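S.K.: If you scroll down you'll find the structure; I have some questions about it.
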Amino acid sequence: MSDKVKVIIDGISVEVAPGTTILNAARQIGGDIVPPAMCYYSKLEGSGGKCRTCLVKVSKGSEADPRPMPKLVASCRTTVMEGMEVQNITSPEVVDARKGVVEMLLINHPLDCPVCDQAGECDLQDLAFNHGAAETRYEFERRTFDRIDIGDKIQLHMNRCILCYRCTYVADQLTDCRQQGIVGRGDHAEISTYIEKAIDNDFSGNMIDVCPVGALTDKTFRFKSRVWFTKPVDAHRDCPTCSGKVMLWYKGDDVIRVTARKDENHEVEEFICNTCRFDKKATKDWVIEGPSRIEHTSVISSNHYDTLKPLPVIQENKALMAANKEELERTKKS
Ligand code: SF4
Ligand code: FES
-14 MSDKVKVIID GISVEVAPGT TILNAARQIG GDIVPPAMCY YSKLEGSGGK
36 CRTCLVKVSK GSEADPRPMP KLVASCRTTV MEGMEVQNIT SPEVVDARKG
86 VVEMLLINHP LDCPVCDQAG ECDLQDLAFN HGAAETRYEF ERRTFDRIDI
136 GDKIQLHMNR CILCYRCTYV ADQLTDCRQQ GIVGRGDHAE ISTYIEKAID
186 NDFSGNMIDV CPVGALTDKT FRFKSRVWFT KPVDAHRDCP TCSGKVMLWY
236 KGDDVIRVTA RKDENHEVEE FICNTCRFDK KATKDWVIEG PSRIEHTSVI
286 SSNHYDTLKP LPVIQENKAL MAANKEELER TKKS
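If you want it as structure tokens, here you go:
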């Protein structure tokens, strides 16, 4: 007997290990049928089940019990069963419910994308673009919070927080003290101000990378550039604290930001330390590997509005020159 479980998602069949969630089974298929996830993070234990953006319809429970599940389920928290059939983008009910979830997330989230550093790489922005309504029906006062200062490296905009809990899991699992959580309920819920106590830790900067919106941003990068005017490059260094594998974000000749590398699910591949993130902003600190892989749907990959003039850092590196060859030729022709 096979030790795999067969599940069909939007008509596509996949075999996965028992105990796999529907979301992770969909990720194994990849493409448009993968439900969006605003709170689940595969590298953070216990994450998921908070935002409901990953809702799917289970139209057949299993081979043994083919009855459909009565309600839409959170795919990040529901495990697959042998013979299960799931609908995501093929179900109008799911698409409609997801619209409702987005509308709810946007009730309190300010639409300040024009001034938000996360714009261009914000999961909520993408979600609103794909599922959001043109107008809000909400007429009441928005939830607002007093400004909280959490130090000189990380900026907290509580008004933008969607309470996904990811940063609290970073504080809990990557730093060595549990200083932080969500306090209050409903409209009053907020990440605890004790967050400032976890901020000194070597890995606290990873809160910035896991935050799906612009609630936690890098103060050293703040307002320096729109992200689509930057050039991301993979680089590494011999770091005693972390893997040292990062992305350097160049503007002209300057490294204006350092982040961890992200995979196709917009999740950090390996968490990096604060020294790599905040203190190593010179090209000489790094061994440059080549251009970062950016999905073609991202606004970051379409950042050339006139003839491309390769940056000095690109000209000095054969791998970067080769990777930019096609782009260069294209811009020369147009
Ligand atoms: S600050 Fe960001 S990561 Fe933390 S709970 Fe809010 S949205 Fe999630
Ligand atoms: S990603 Fe599943 S509930 Fe948030």
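Just so we're aligned, residue -14 is where the sequence shown starts under this note's numbering, counting upward by one.
Cβ atoms here follow ideal geometry from the backbone N, Cα and C, with glycine treated the same way.
These numbers were taken from a predicted model, which means no experiment stands behind them.
Kindly indicate which residue of Lys204, Asp248 and Asp264 has the alpha-carbon position closest to the one of Ile279.
M.R.: Translated into positions along the sequence shown, residue 279 becomes position 294. Looking at the Cα atoms, Asp248 is the closest of the given residues.
S.K.: Kindly examine the ligand FES and report whether one of its heavy atoms sits closer than 7 Å to the Cβ of Met23.
M.R.: Taking the sequence shown and counting its residues from 1, one reaches residue 23 at position 38. Checking every heavy atom of the ligand FES against the Cβ of Met23, one is found closer than 7 Å.
S.K.: If I measure Cβ to Cβ from Glu252 and keep anything under 7 Å in the same chain, skipping five residues before and after, which residues do I get?
M.R.: By 1-based counting over the sequence shown, the position of residue 252 is 267. Around Glu252: Tyr26, Ser27 and Lys28.
S.K.: For Tyr235, does the three-state DSSP call read helix, strand or coil?
M.R.: For this step, residue 235 is matched to residue 250 along the sequence shown. Reduced to three states, the DSSP call for Tyr235 is strand.
S.K.: Relative to the C-alpha of His142, which candidate in Ile273, Val43 and Thr202 has its C-alpha closest?
M.R.: Translated into the one-based positions of the sequence shown, residue 142 becomes position 157. For His142, the nearest C-alpha among the options comes from Thr202.
S.K.: Going straight from the alpha carbon of Arg122 to that of Ala82, what length do you get?
M.R.: Against the sequence shown, residue 122 aligns to sequence position 137. Against the sequence shown, residue 82 aligns to sequence position 97. One C-alpha to the other measures close to 16 Å.
S.K.: By a C-beta neighbour count over all protein chains shown, 10 Å radius and 16 as the cutoff for buried, is Pro77 buried or exposed?
M.R.: Here residue 77 refers to the residue found at position 92 of the sequence shown. With fewer than 16 other Cβ atoms within 10 Å, it is exposed.
S.K.: Quick check on the DSSP output: the alpha helix (DSSP H) that includes Ala220 runs from which residue to which?
M.R.: Along the sequence shown, read from residue 1 onward, the residue named residue 220 stands at position 235. Taken as a continuous stretch (DSSP letters only), Ala220 belongs to no alpha helix (DSSP H), being part of the beta strand (DSSP E) at Lys216 to His221.
S.K.: Could you compute how far the alpha carbon of Ile167 sits from the alpha carbon of Phe114?
M.R.: Position 182 of the sequence shown holds residue 167. Position 129 of the sequence shown holds residue 114. Taking the straight line from one Cα to the other gives about 28 Å.
S.K.: What did DSSP end up calling Asp291 once you bin it into helix, strand or coil?
M.R.: The residue you call residue 291 lines up with position 306 of the sequence shown. The predicted position of Asp291 is uncertain, since its pLDDT is 48 and thus under 50; a value taken from the coordinates is nonetheless stated next. Reduced to three states, the DSSP call for Asp291 is coil.
S.K.: Let me check understanding here. Comparing Cα to Cα, which of Lys138, Asp270, Gly190 and Leu148 lies closest to Val198?
M.R.: By 1-based counting over the sequence shown, the position of residue 198 is 213. The shortest C-alpha separation from Val198 is found at Leu148.
S.K.: Span of the alpha helix (DSSP H) holding His103?
M.R.: As a first step, residue 103 must be located in the sequence shown, where it is residue number 118. In the sequence on display, residue 103 carries Gln and not His. From DSSP, Gln103 is part of no alpha helix (DSSP H); its letter is neither H nor E.
S.K.: Report back the beta-carbon spacing between Phe206 and Cys258 to the nearest angstrom; my notes put them in contact at under 8 Å.
M.R.: Here the question's residue 206 lines up with position 221 in the sequence shown. Here the question's residue 258 lines up with position 273 in the sequence shown. Their Cβ separation, rounded to whole angstroms, is 17 Å, which puts Phe206 and Cys258 out of contact at 8 Å.
S.K.: Thinking C-alpha only, which one of Thr260, Ile285, Asn250 and Trp234 is nearest Thr268?
M.R.: Residue 268 sits at position 283 when you count from the first residue of the sequence shown. With distances taken between Cα atoms, Thr268 lies closest to Trp234.
S.K.: Specify the secondary structure class of Ser44 as computed by DSSP and reduced to three states.
M.R.: In the sequence shown, counting from the first residue as 1, residue 44 sits at position 59. Of the three classes helix, strand and coil, the one that applies to Ser44 here is strand, per DSSP.
S.K.: So what does DSSP say about Met69, is it helix, strand or coil?
M.R.: What you label residue 69 is simply residue 84 of the sequence shown in a count that begins at 1. In the structure shown, Met69 sits in a strand (DSSP, three-state: E or B).
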